[in-house]
Amino acid sequence: MIPYNRNTLPRHANVVGARIRSASMKVFCLKLLNPSTSRRSETGHTLAIPRCDRPVTRNTTRGMLAGLVLLYTGGCGTPSTEENISALEVEGKDPAILVHAPHPTALPKSAVGGYLAGRHARNVYDSEAASVFYNRALESDPNNPELLRRTLTAMVGEGRIVESLPLANRLVGMKVMDPTAFLSLATHQVRANEFQAARHQLTSLPKTGFYPYLKSLLIAWTVAGDGEGDSALEKLKFLLESSNFSATHDYHAGLIADLFGMNDAAHATYRSAVTSVRGPRLRSVLAAGSFYERNGRPEEARRLYEDFPNAGPETTALDTALKRLQSGHVALPFVNDARQGYAEALFEIAASFFKDRAYEPALIYVQMALHVRPDLDVGRILLADIYVATEHYVDAVGAFREVSPESPFRWSARIRLANALNQAGELDQASKELRALATERTERADPLMALADLFRSEERYKDAVSVYDEAIERIAKIQQHHWTLFYARGMSLERIGQWPRAESDLLRALELQPDQPLVLNYLGYSWVDMGMRLSEARSMIERAVAQRPNDGYIVDSLGWVLYQLEDFEAALVHLERAVELRPNDPVITDHYADALWQTGRHSEARFQWRRALSLDPDSSLAESVEKKLQRDLPDKLRTTNKS
């Protein structure tokens, strides 16, 4: 992913008049579309290269992560659909799109520039620019199926589904197997209540990978749209062929049975959904609770709401439900018709792709969900989260602000909005938003936790500690999920030199979440860096590596503790692996060079130190590496550089 910041141009623009958002994109596309452009710009403007910042294992944690998982799955350890997609997708192919790129030389010369510019835009998740340039390429080669596919994908990702339908129809007419074409046509037909026509499109989806399960889920809702509740439930049963889809089956079977007044079936499937051994999902709990409220089971609904882990801002939706229950107001059905159920299914698939960091298919599915149900607030939040993940922060801010003030998820959207503002460089505005939320609801700690996370991400550790202190004071009862709060405050305390308090917080985090690999690694690495409790640190880091063998930072920690224990040969093995996993991290590269030196491989060590200097190290590390390169080193070389 190549990050860049968008300007404030409106997202939806006419294809002909649309403009490209980033300077690097403008230069890149101008060169492609105008081959005679001066080559001077090739040196004067370079494409942005993503920095490989160290993640939560040593530095900062993304405070919104737990909230994202909770909103889209609703419980700890709930697999949802992304595991199924990963397990069942066609090998080597994107499970949502299955696009194979044509080689540029296979295109007419007049189409090559537009194609390459569109491909670059797609690589940086700029659907608007991609659709502009793919459309331009199509003008020169209008019947190229790959260009049609890519243009369709870009337009759907931009939310221009109605405009994309002619392309989808052309692909279907050409008998091109393109799932996005079938899905976009079916989705628009569902929106128009043309359920039989939608089923016809859905039956054309591939018969391999995860598509049979997707097909079963979506067709069930089209059957429900034709008023056939029993048949819809039968269609859903195919999901039970895989245990990974059992929670999805139970949730949607509950929704369908509830919609048709089949109360016994609804009760049974909702109960199965909320008592899953993998943990209940928030939306399952809300749907089941609504059903219990409407069917004379208020205490059952209350227990359901109160027993759900209150682990993030998303759970304010449960507060809303409890207040409604207490006031005696009647709950509304979770879905009112088959169209809303179909949108719910698309949202669930989109959320699963998002958690798997498959942002393009996530964008496609959530845009289709919003096409059917524009008032799906969790869909709007997911769309904004995708924009944040792909570094389109201005778009994210706009999407978060579109969430209805009446939505039970408005609180979550406002906290996420602050994060997007900070990512867009508006830390002061983000701070004001979070302070306002903290004042609005003095019993909640989550806006303060989010504010502290923002300060920590900006390396304002003293401010972060102060706000974490405020947040912890608001928590009446510390629970297991609060390990992240003590972990975050512990990291911040360590950064400002308050080690006794930091150590206490990190140990408390481990009490709440034993064997948590991030905490094991951070505490163990800190002990190693201070030359204390090395044997215990080694044991902790080995436990962390056992859980995350492909985490370069944790593998580096193990190598570094072995280095400090003077087992240089063993250290070298792990540090070499760490460099393979994180080749652009200057600290890991420095550690690797140290181990190379201690094992007598001096030329290689000097090469790696020079490489570390090229990786944008901080001033302290750069000074240390320069000294190593400028003088003969003692036999026992030690550094105290921290990540």
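Every letter in the sequence shown is one number past the one before it in the numbering used here, and letter 526, counting from 1, is 553.
Positions of the beta carbon are idealized from the N, C-alpha and C atoms, including for glycine.
Would you kindly work out how many angstroms separate the C-alpha atoms of residue i and residue j, rounded to a whole number?
i: HIS227; j: VAL203; result: 16 Å
i: ARG637; j: LEU266; result: 55 Å
i: TYR278; j: PRO325; result: 20 Å
i: ASP583; j: VAL600; result: 10 Å
i: GLY406; j: LYS655; result: 53 Å
i: THR469; j: LEU241; result: 43 Å
i: LEU537; j: LEU198; result: 55 Å
i: VAL250; j: THR230; result: 13 Å
i: ARG305; j: TYR332; result: 17 Å
i: ARG321; j: LEU539; result: 37 Å
i: GLY256; j: SER270; result: 23 Å
i: PRO474; j: ARG443; result: 10 Å
i: ILE376; j: SER651; result: 49 Å
i: SER562; j: VAL588; result: 9 Å
i: ILE246; j: GLN353; result: 38 Å
i: GLY119; j: GLY236; result: Confidence in GLY119 is poor, its pLDDT being 35 and thus under 50, which makes the residue's placement unreliable; the coordinate value appears in the next sentence. Roughly 11 Å separates the two Cα atoms.
i: ASP645; j: TYR386; result: 31 Å
i: ARG575; j: LEU547; result: 11 Å
i: ALA17; j: LEU390; result: The displayed coordinates of the chain run from 28 to 670. Any statement about residue 17 would go beyond what the structure contains.
i: LEU550; j: GLN543; result: 11 Å
i: MET567; j: ARG487; result: 28 Å
i: VAL614; j: ALA463; result: 39 Å
i: LEU345; j: VAL430; result: 18 Å
i: PRO541; j: LEU533; result: 11 Å
i: MET289; j: ALA208; result: 34 Å
i: ASP573; j: ALA564; result: According to the sequence shown, residue 573 is Ala rather than Asp. If you take the alpha carbons of ALA573 and ALA564, they lie about 14 Å apart.
Would you grab the beta carbon distance between residue i and residue j for me? Rounded to a whole angstrom, and I think it's under 8 Å.
i: ALA529; j: ALA498; result: About 17 Å separates the two Cβ atoms, so there is no contact after all.
i: ILE408; j: PHE427; result: 7 Å
i: GLY281; j: ALA300; result: 6 Å
i: HIS618; j: GLY579; result: Wrong, their Cβ atoms sit about 11 Å apart, outside the cutoff.
i: GLN394; j: GLY254; result: Not quite, the Cβ-Cβ distance comes to about 28 Å (not below 8 Å), so this is no contact.
i: ILE523; j: VAL555; result: About 20 Å separates the two Cβ atoms, so there is no contact after all.
i: THR626; j: PHE595; result: 5 Å
i: ASN446; j: VAL421; result: Between VAL421 and ASN446 the Cβ distance is about 14 Å, and since that is not below 8 Å, they are no contact.
Where does residue i fall in DSSP's three states?
i: VAL555; result: helix
i: MET182; result: helix
i: ILE581; result: helix
i: GLN540; result: coil
i: THR469; result: coil
i: PHE374; result: helix
i: THR343; result: helix
i: ASN449; result: helix
i: ARG407; result: helix
i: ASN171; result: coil
i: ASP419; result: The residue you asked about is not Asp; residue 419 is His in the sequence shown. The answer is coil: DSSP assigns HIS419 none of H, G, I, E or B.
i: ASN611; result: coil
i: VAL362; result: coil
i: GLN506; result: coil
i: PHE335; result: coil
i: ASN673; result: Because the chain is modelled from 28 through 670, residue 673 falls outside the range shown and cannot be assessed.
i: THR87; result: Because THR87 sits at a pLDDT of 34, beneath the cut-off of 50, its placement in the model cannot be relied upon, and the following sentence gives the value as read from the coordinates. Coil, per DSSP.
i: SER458; result: helix
Would residue i be called buried (16 or more neighbouring beta carbons within 10 Å of its own) or exposed?
i: MET182; result: buried
i: LEU313; result: buried
i: HIS356; result: exposed
i: ALA503; result: exposed
i: ALA598; result: buried
i: LEU410; result: buried
i: LYS262; result: buried
i: PHE513; result: buried
i: VAL559; result: For the record, residue 559 in the displayed sequence is Met; it is not Val. By the neighbour-count rule (16 or more Cβ atoms within 10 Å), MET559 is not buried but exposed.
i: GLU268; result: exposed
i: THR296; result: buried
i: GLU341; result: buried
i: THR466; result: exposed
i: PRO388; result: buried
i: GLU653; result: exposed
Where do the N-terminal and C-terminal ends of the alpha helix (DSSP H) with residue i fall, by residue?
i: GLU607; result: 595-608
i: HIS629; result: 629-640
i: THR207; result: 206-218
i: GLY355; result: Counting along the chain, GLY355 falls outside any alpha helix (DSSP H), and DSSP gives it neither H nor E.
i: ASP643; result: Per DSSP, ASP643 belongs to no alpha helix (DSSP H) and is neither H nor E.
i: LEU192; result: 188-200
i: GLU563; result: 561-574
i: ILE283; result: 273-286
i: THR249; result: 238-252
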